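Numbering (my numbering), first residue to last: 1 to 203.
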């Protein structure tokens, strides 16, 4: 006579279902964490790409800076304007914008949120003053602060240290240092761009 086969008890079924539910929760949590990490990684990569693109743009523009007068004061040439959070100089516009030589203005501007964005705009230098040209280019989103400093030669041809304001508008500095505080941490390494040595005003 064969012994009868016994099925699972109710308690065993409940324990198995509980274990299966816990396992599904753990799997879902792991997948959610993985997706969040992937999104954060992609965002970080996008920000780093944005930093590299912005620094390449600024390096190219400053290295091509021209000592051309864009001021309109009769007794003072102005080929460069350098302040802590604003810089203005003359340089060729990138080829893809097809704009020739224009006045560049770099500064932070208010964004849609509490943060600001790093922006460069272009102006055409006419007899009656500067006129906006083209669309401003946003170099970096979500920044907290911009710090510019300048180094070069004083009127006695003596080298200066780093200055928060360039006091000689009739000559180009020899180098510009650009520091940007971003909302994402230390993404922007300090950038130092050496300008060409021919810094005197040209007709």
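Don't be surprised by glycine CBs; every beta carbon is placed ideally from N, CA and C. All of these numbers come straight from a predicted model, not from anything done at the bench.
- Within the DSSP secondary-structure output, residue 87 pairs in a beta bridge with 82, 106.
- By the Cβ-count criterion, residue 24 is exposed, with fewer than 16 other Cβ atoms from all chains shown falling within 10 Å of its own Cβ.
- Under the criterion of beta carbons closer than 8 Å, residue 175 and residue 195 qualify as touching, at roughly 6 Å.
- Per DSSP, residue 182 is one residue of the beta strand (DSSP E) stretching across 175-182.
- Exposed is the label assigned to residue 26, since fewer than 16 other Cβ atoms lie within 10 Å of its Cβ.
- C-alpha of residue 63 to C-alpha of residue 193: approximately 7 Å in a straight line.
- Considering only 82, 116, 78, 66, the residue with the shortest C-alpha distance to residue 92 is 66.
- Here residue 55 carries a helix assignment [DSSP, helix/strand/coil].
- For residue 106, the number of other beta carbons within 10 angstroms of its own is at least 16, and it is reported as buried.
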